[in-house]
Amino acid sequence: MAIAADWSSLTSELVGLVADALLTTGDVDCYVSLRAVCHHWREATADPPSPDPCFLPHRWVMLDSRAANVQDSRRLFLNVDMYTGSFVWKDLPVLRDYVSLAADNDGLLVLRGPRD
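Under the working numbering, the first residue of the sequence shown carries the number 699, and numbering increases by one thereafter.
Laid out in structure tokens, this is it:
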């Protein structure tokens, strides 16, 4: 039987190096996910300065999840930056009954809902 790795025991220095690399490459969504792993990892990384523009949802659009037959609260976000083109599924229960109509470059979502 394999023994599971205890990732929460990584040193603060190593977690900090990974976090710095994520921010250097503009991978903010992975940086936020890294901070959410455990209390130790959150303590090992700096709180995002406010208002730091890199933590605002620029160039992200929420795609219509109905086209993908998604019936739960997950939403697909696409980064329309020509260099990354990354996408991420996020569980957003508060948006379960809403449909995205439009988005702008500053992260503002225009929603319709609740659904009938």
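Each residue gets a CB set at the ideal place from its N, CA and C atoms; glycine is no exception.
What's the call for residue 742, buried or exposed, on a 16-neighbour Cβ count within 10 Å?
Its Cβ being crowded by 16 or more others within 10 Å, residue 742 is buried.
Spatial neighbours of residue 708 within its chain, please: CB distance less than 7 Å, with the 5 preceding and 5 following residues excluded, ordered by chain position.
Cβ within range, chain order: n/a, list empty.
If you count every other CB in all the chains shown that lies within 10 Å of the CB of residue 712, and 16 or more means buried, which is it?
The residue is exposed, with fewer than 16 neighbouring Cβ atoms inside 10 Å.
Which ranges does the alpha helix (DSSP H) cover as unbroken runs of at least 4 residues, wholly within the stretch 702 to 744, from first to last along the chain?
Within the stretch 702 to 744, the runs of alpha helix (DSSP H) that reach at least 4 residues and sit entirely inside it are, in chain order, 710 to 722, 726 to 733 and 737 to 742.
By DSSP, does residue 793 sit in helix, in strand, or in coil?
Three-state DSSP puts residue 793 in a helix.
With DSSP run on the structure shown, which of helix, strand or coil describes residue 784?
Coil, per DSSP.
Quick one, are the C-beta atoms of residue 799 and residue 808 less than 7 Å apart?
In this structure, residue 808 lies closer than 7 Å to residue 799 by Cβ.
Sorted by chain position, which residues of the same chain lie with C-beta nearer than 7 Å to residue 737's C-beta, five sequence neighbours on each side aside?
Answer for residue 737: no residue qualifies.
With distances taken between CB atoms, is the gap from residue 744 to residue 732 smaller than 7 Å?
Note that the C-beta distance between residue 744 and residue 732 is not below 7 Å.
Straight-line gap, residue 790 to residue 725 (C-alpha atoms, nearest Å)
The alpha-carbon atoms of residue 790 and residue 725 are separated by roughly 20 Å.
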